[in-house]
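First comes the structure, then the notes that go with it.
Protein chains: 2
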Amino acid sequence: MTAQPLAKTDTQKPETANTKWVYSFGAVKTEGDARLRNLLGGKGANLAEMCRIGLPVPPGFTITTEMCGYFYDHDNTYPDTLENQIKESIERIEKEMKCRFGDRENPLLLSVRSGARVSMPGMMDTVLNLGLNDDTVAGLAARSGDLRFAWDSYRRFVQMYGDVVLGVEHDMFEDILDTLKRRENITHDTEITAEGWQDIVAQYKKLVEDETGRPFPQEPEEQLWGAVGAVFKSWMVPRAMTYRKLNNIPGDWGTAVNVQAMVFGNMGENCATGVAFTRDPSTGENAFYGEYLMNAQGEDVVAGIRTPQHLTVKGKQDNHSDLPAMEEELPEIFAELTQIRETLEKHYREMQDIEFTVQSGRLYMLQTRTGKRTAAAALKIAVDMAEEGLISKEEAVLRIAPETLDQLLHPMLDPDAEKATLTKGLPASPGAASGVLSFHADDAEHKAKLGHNVILCRIETSPEDIHGMYAAQGILTARGGMTSHAAVVARGMGRPCVAGAGALHINYQDKSVTVGDTVLQAGDTVTIDGATGEVFAGSVPTIQPDLSGDFEILMAWADETRGLRVRANADTPADAETARKFGAEGIGLCRTEHMFFEPDRILNVRKMILAENTAEREAALASLEPEQKGDFAGLFRVMAGLPVTIRLLDPPLHEFLPHEEEDILKLADALGLPADQLKNRIARLHEANPMLGHRGCRLGIVYPEIYAMQARAIFAAAVTVRKEGGDVPTLEIMVPLVATERELAIVKDIIDREAEKIMAQHGITDLDYMTGTMIELPRAALKADEIARSAAFFSFGTNDLTQTALGLSRDDSGSFLPYYQETGIWARDPFMTLDIDGVGELVRLGTERGRATNPDLKIGICGEHGGDPESIAFFHETGLDYVSCSPYRVPIARLAAAQAALKKKTA
Amino acid sequence: MTAQPLAKTDTQKPETANTKWVYSFGAVKTEGDARLRNLLGGKGANLAEMCRIGLPVPPGFTITTEMCGYFYDHDNTYPDTLENQIKESIERIEKEMKCRFGDRENPLLLSVRSGARVSMPGMMDTVLNLGLNDDTVAGLAARSGDLRFAWDSYRRFVQMYGDVVLGVEHDMFEDILDTLKRRENITHDTEITAEGWQDIVAQYKKLVEDETGRPFPQEPEEQLWGAVGAVFKSWMVPRAMTYRKLNNIPGDWGTAVNVQAMVFGNMGENCATGVAFTRDPSTGENAFYGEYLMNAQGEDVVAGIRTPQHLTVKGKQDNHSDLPAMEEELPEIFAELTQIRETLEKHYREMQDIEFTVQSGRLYMLQTRTGKRTAAAALKIAVDMAEEGLISKEEAVLRIAPETLDQLLHPMLDPDAEKATLTKGLPASPGAASGVLSFHADDAEHKAKLGHNVILCRIETSPEDIHGMYAAQGILTARGGMTSHAAVVARGMGRPCVAGAGALHINYQDKSVTVGDTVLQAGDTVTIDGATGEVFAGSVPTIQPDLSGDFEILMAWADETRGLRVRANADTPADAETARKFGAEGIGLCRTEHMFFEPDRILNVRKMILAENTAEREAALASLEPEQKGDFAGLFRVMAGLPVTIRLLDPPLHEFLPHEEEDILKLADALGLPADQLKNRIARLHEANPMLGHRGCRLGIVYPEIYAMQARAIFAAAVTVRKEGGDVPTLEIMVPLVATERELAIVKDIIDREAEKIMAQHGITDLDYMTGTMIELPRAALKADEIARSAAFFSFGTNDLTQTALGLSRDDSGSFLPYYQETGIWARDPFMTLDIDGVGELVRLGTERGRATNPDLKIGICGEHGGDPESIAFFHETGLDYVSCSPYRVPIARLAAAQAALKKKTA
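First to last, the sequence lines map onto chains R and E. Take the first sequence: its letters are residues -19 to 887, numbered as in my numbering. Take the second sequence: its letters are residues -19 to 887, numbered as in my numbering.
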């Protein structure tokens, strides 16, 4: 029998007793460095790196991402060698910290944090204060001289460990605390005494025992193994998997585990904790930017529960804060931090996002990583750093993710528009967005699927809200700072975000929000401006962004670098103007059928289609010809001197016919035809699979008068523009849906004959034009050698090529493609990012074979993929001459093309 | 300017003064032979060959086909060297014939005939008696001693030359003759006296001068050049071009011109002319078969104007003729002809079609060529010749055009059926056909396009009728013999034909035919039996042909030779039985959806499709499962032990839904749904391009329960058959429309799980099956290396692969594909004969890449192309394991596969 189970992919690496699973860092010994990011995760690699450059980092060790792979390949177990390696590393920490893990007098406490190759903010679990138990809590009390602090730390640990490692629900711990606070009539946690915390700890421990059937683990080693396992397991929880899917992070990267000596920002008044960016992550300005909280533990800042203070006086002033800046409150620490900022930027040559803690007046660095930033900030930082000499121009070009430019290119609020300001929050992620209010992630996603623009409005966001944030046009929160979950994630996603708009009173039950006297319901429209933090009732008009300054500088650097030319798909003079503004170097696709849909022409188009013979068809075409000529002349004037690729009529003729009863009757009337006769003619033109039907050059071959008219209109327009003294574009006439050389040769003949006629008519001989073809059928790609005999240029029509190569109708794929993406059959939507393996091979073969026949063949691409960075890299690799995309994506394509060239150079 | 005209294909050969344009044949000197067919045409090469082997051939010469090419490349002119070469050749003829061209005493007369590489019966022009003029006619009269004969010959010449060379309409000459006959009250031409012919010649010459403005050319040399030019020009007349298109004969082959000394079969009572086949062209029987006319010129026999006599007594008896056989009438000539028959068969090792003339008791051979024959005759001749030792078995296999087997495989009239015999004619081409009467070729073509079976009924057919004969199912003529135009062409085309049914009185005006008292109108149905010559009113039931005897022997030889296995596409036990009868070695494609359309299941199928959730869908599937299981069990019983490839559900689900209002209402009723709701659901399932939509494995992946049900039904059926003691076929489960390996792996997993369940349920472990996939998308062919990881077999679905590779919907191509074929963009319908250059490359790549991963991969093809000989040759070449085609095409595929293997061996 052959009922073989699917072979399991064998990712298991040969395990040897010598495998190094644990890397120490600290003053005593640092084994890793920043280059080991894949093995140690981002956090672990950077902790090691900071140790190497002498920064104050609490000692610790990193368990590698390879261990994560081993863990999943071996039914959640560890190799025997791990225990000893961990033991040695703990001894080093003990040596440096001068305390001992589990020691009741002077206990070493540990944090256990995840850390994958790339940052997954808020996605995975952390356990702090590990090592505390009924004995060591006394040692902590003694050492800190603060009984209340010790028991507060212990209760935090029990709660965190109970939740993360033992799976006891977070709310159950909160209930116990709330009960105590109600009983004691206490509002803030700070009012709870040492005794109160002791009581809480006892109740927490009982809760854990009741829920898990086992007492809370007292043995520090057991605690550590539990926490390590929990971190590894958190790699595979649904929210982490969703995040990875959204961000294209492979599951097999795994996470590392960072175990580090605890330092406390909440041990008293000379303690603090904070986060900072070495430059402003919103504007990119070269100014130290950060927030901190006095006497707080790290997670308090990010959680957005207390409103934090600014690091600098400037930051305080810019944000109209009344709280003192660190520069004023802790000037020595601030000075040290400023020094570290400089060290880090010089060392990493990148804007850093750091976390620090001040314990009893001593500064500790807990993390550094490349800081997330807005697109505008990224641009400014890259340009500034290049101009400061920190990085080269090429590095600057490589640092901007092309997709992020999208944020800069889209409209902003019109400053002159009338706006009903509702309230103001923090400008957490720039860009403006209007949409209907939605108060839950699921609801936001649902409304977005129905085609609404949505503003997701939450008190604060959490990782559970990711899918709703992704679906929304913008995010609005009532609570949290610039580094709150909402702000960080929104910037990463490129969604406008206003955070911490405290005046909003959100009622999840009623699905409403109250601001002063105004009550807005779910479904009401609001507008947010992520650049100013303003929130407006209703929809506010927008204006085009200014593309000067840093944008212009960086794009100029990109343009110096790239090999691929970038054109735009544009059918009208207005589109063409937008395209030129965005730097398009020509039109790669002008769809002439768009001209046919103009309301004042459609009747003649329909007459042409419904003609019963050539004479009738020619009469209808004759009345369209002056209009087409006018269209082309308009386009040629805008595109003076640049290449313009004009595609002859492509879609099946029945696409131009009415299908609703009412419209048919109107048309019958206009044509003077009985309605039944018209319906019959329309029915005769109906096709089972119009995509594969009588369209493209098949129309121009069966009805040569159509293409002849179009060719005449093109040439006559060119003559007109030339007579005006204009600079006629390079005319590239493109024949669609060619499968055989013969088709192209036949159409080329029609075109050439019309060119000769027009030239003879105007007494000129030097009208320059080229005839080429779309390569949009697999056969055309395979027979490119033959087709190139009749073609001066190719343009890969990757939309149709994808449809035919994959047998996948874009119009119909909605019923299964989302499912295909969810299950990983297609990692990306193949209509967005080229299927490089399959469709890409046809592009490669078509290019090779076409050039083999005609080495001068000009080759471009004009599908949606022409604006997709990953696809652009492939087109560069394949040696195409240009890409053509929608005008708004032209800058993205320019940058992506430059990056492709740079990456190929260094590869 | 770049308005280049299309480059004209340069077929011009370098002309040298040394080019030999003319090849003599005859007793004096023979320069060509049979191997020079391409240069001399079939007729010319064989005339030379007959001279070489000592047969009596009137001397002459052949102007080569290269001259035809030159003629068209040089504006209908000749090279200077031609004149001299012709002159020399004429001198040789004069020497042998002891007379001189243009001599008034003893004139040499010539025939001028076309002769291309392959025979194009009746297509091109001939001029006889060339060299006659007002002077030489007297010489001919003197030499023949027959003034009437001489003037009859002269009038024939003037008429033929006037028509063929000078373009004076045939009818105008006929009118002159008719006028004279009416005036003189004459019925038969034979009654016209010498003086009568002299009068006619004078009138003919006046007619020519009136029509052309020039007197009839008297100069023999001028006559010759005119006739040669007319033959070359006849190569490009429309009817010749149509014939070539229908028969795939390239236009650049050109025709040769054969100029030969005239011999006369009409010079008196010891003269005759005839045609013969060395074996019976209808049955293949090894018996001399021919017809002749006493005192007649060659064209008279073929034209079917007089009913000819048989050569042999047996032939006379078999055909119930009252006229004497040549064996009786001219025994010496018959003996000489019988000797020649033997010589020719031994020499050519093929059945020959010969023309001869007896002039004054002396036999001359005018032509020999391979004889056209019916499919049955071809089979018998090939088998007999191999058994006689004339040819090898391999040659026998190669001699049968696979397509012709079609004639043997189709139904014959049921001998027990009630038949209303109308009349009887000659059994001119075997096979039975029913259809509506049609009296004109255009009308026949029109009706056939509307989907009718047509019987084309003509008094006699002519080359102008070719397209109508091609469109018809059968041909019926009132006049003409077994070698008449209708008979010869019908046999070549494989159309049943009854010829010379003299009782038919056809009225073209009324579009009716009268037989005795019966009047049939166009549109009435008749049935003809080309094997017996019978004609019946109405439609007569048919029975399956007997496939024993020669057929069985030849197919056995073919089977010994071929490498490709041949399977059939069959969905039911009945289809499977037909397939096995025709020699299918398995089922290559069982389309499970055909089972879904059964009237008693369609409701459950529709319930399954319209299910709103998995549970509903599973319930509907559960009620279909026993039916599917039963279907499979039936199929497995028939295909005992042979491989059976079962394709899982493939078409888009909406194909199963009703579309007519009435049917929708019925379904709504049956489902208990409001009609509007049902309409909405149907509308939701509608697709713009269903070919590229939610179908194939996309269904099985989104709704795994469908494929799971089908897999269970397959395995359960196999278990059932095994429990019955049956021989379970090799199960090959085929997944349709796979684009990525992952899809196949997912479906394979579903199948494997169901196999395990069924095996566990029945306590068995050794149920053998394979999972494989259709390769029907270009991407699948390109990524065959990856897909082969999960596939045990591939089957190229060349129908869909053609649709996607060419972007060509078979359903919609009717609006332009005929035009594409007419203009030569596609030489063949790419859905009939594989586009080897384009789609074929995908088959080749898919095979190479699939085998690179999995050398044991079984590879077949199951599109329409699996039954097309030319495509089969390609599949053999490419190394496929099998082809699968419709049951009726299985023998064709077996033979084509054998020929492909033989041709590859000798290549």
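Quick reminder that beta carbons are idealized off the backbone N, C-alpha and C, glycines included. The structure displayed is predicted, hence computed values, not measured ones.
query, result
"Could you spell out where the alpha helix (DSSP H) holding C48/R opens and where it closes?", "45 to 53"
"Hey, how far is the Cα of L717/R from the Cα of E766/R?", "15 Å"
"Mind pulling the chain R residues with CB within less than 8 Å of H634/E?", "Neighbours of H634/E on chain R: none; closest Cβ ~10 Å, over 8 Å."
"Are the C-beta atoms of N669/R and some chain E residue less than 8 Å apart?", "yes"
"Determine whether the Cβ of Q783/R lies closer than 8 Å to any Cβ atom of chain E.", "yes"
"Look at the alpha carbon of G6/R and the alpha carbon of L882/R, and state the distance between them as a whole number of angstroms.", "37 Å"
"Would a check of beta-carbon distances place T(-18)/R closer than 8 Å to chain E?", "Low confidence applies here, because T(-18)/R scores a pLDDT of 38, under 50, leaving its location unreliable; read the following figure in that light. Closer than 8 Å to some Cβ of chain E, the Cβ of T(-18)/R qualifies, so yes."
"Quick check: the stretch 774 to 784 of chain E against the stretch 814 to 826 of chain E, are there 3 or more CB pairs under 8 Å?", "yes"
"Please report how far the alpha carbon of K186/E lies from the alpha carbon of Q198/E, in whole angstroms.", "13 Å"
"Note down, one range per segment and in chain order, each alpha helix (DSSP H) of at least 4 residues found wholly within the stretch 845 to 878 of chain R.", "849 to 858"
"Tell me which residues of the stretch 640 to 651 of chain R have at least one Cβ-Cβ distance to chain E shorter than 7 Å, keeping chain order.", "none"
"Any beta carbon from chain R within less than 8 Å of E723/E's own beta carbon?", "yes"
"Spatial neighbours of R136/R within its chain, please: CB distance less than 8 Å, with the 5 preceding and 5 following residues excluded, ordered by chain position.", "L108, N109, Q277"
"For V495/R, which residues of its own chain have a beta-carbon under 7 Å away from its beta-carbon, when the five flanking residues on both sides are left out?", "L402, T403, A483, L484"
"With a cut-off of 8 Å, does the C-beta of S789/R fall near any C-beta of chain E?", "yes"
"Contact between the stretch 650 to 667 of chain R and the stretch 743 to 762 of chain R is defined here as three or more beta-carbon pairs at a separation below 8 Å; is this criterion met?", "no"
"Name, please, each residue of chain E whose Cβ falls closer than 7 Å to the Cβ of H674/R.", "D792, S795, F796"
"What does Y799/R touch in chain E if you count any residue whose Cβ is under 7 Å from its own?", "V682"
"Taking the straight line between their C-alpha atoms, what separation do you get for V416/E and T384/E?", "24 Å"
"Taking only runs that begin and end inside the stretch 24 to 101 of chain R, name each unbroken alpha helix (DSSP H) of 4 or more residues, in chain order.", "45 to 53, 61 to 77"
"Between the beta-carbon of W888/R and the beta-carbon of G234/R, is there less than 8 Å?", "Because chain R spans -19 through 887 in this model, residue 888/R falls outside it and cannot be assessed."
"Say whether the stretch 727 to 736 of chain R touches the stretch 783 to 799 of chain E, bearing in mind that this needs 3 or more beta-carbon pairs closer than 8 Å, one atom from each stretch.", "no"
"Given a cut-off of 8 Å on the beta-carbon distance, is the pair T192/R and L146/R in contact?", "yes"
"Taking all protein chains shown into account, decide if H574/R is buried (16 or more other Cβ within 10 angstroms of its Cβ) or exposed.", "exposed"
"Which residues does DSSP pair with K404/E in a beta bridge?", "E514/E"
"Less than 8 Å between the CB atoms is what I'm expecting for F41/E and V2/E, so what's the real figure, rounded?", "5 Å"
"Once DSSP output is grouped into helix, strand and coil, what is the label at Y3/R?", "strand"
"Run the CB neighbour count on T886/R, radius 10 Å, all protein chains shown included, and call it buried at 16 or more, exposed below.", "exposed"
"Using a Cβ-Cβ cut-off of 8 Å, state whether K763/E counts as contacting chain R.", "yes"
"Would a C-beta distance cut-off of 8 Å place M924/R and L89/R closer than the cut-off?", "What the structure shows of chain R is the stretch from -19 to 887, and residue 924/R is not part of that stretch, so it cannot be assessed."
"Can you give me the C-alpha to C-alpha distance between T(-11)/E and D232/E, rounded to a whole angstrom?", "The predicted model places T(-11)/E with a pLDDT of 38, which falls under 50 and marks its position as unreliable, so this point remains unresolved."
"Closer than 8 Å is the cut-off here; do at least three beta carbon pairs connect the stretch 10 to 17 of chain E with the stretch 74 to 90 of chain E?", "no"
"Mind reading off the beta-carbon distance from S418/E to I435/E? Whole number of angstroms is fine, and I expect it under 8 Å.", "7 Å"
"Which whole-angstrom value describes the C-beta separation of Q347/E and N56/E, a residue pair presumed to lie in contact below a C-beta threshold of 8 Å?", "Between N56/E and Q347/E the Cβ distance is about 27 Å, and since that is not below 8 Å, they are no contact."
"Between which residues of its own chain and A207/R is the CB-CB distance below 6 Å, once the five residues before and five after are set aside?", "V92, V107, L110, V145"
"Looking at chain R, is there any beta carbon in it that lies within less than 8 Å of the beta carbon of T625/E?", "no"
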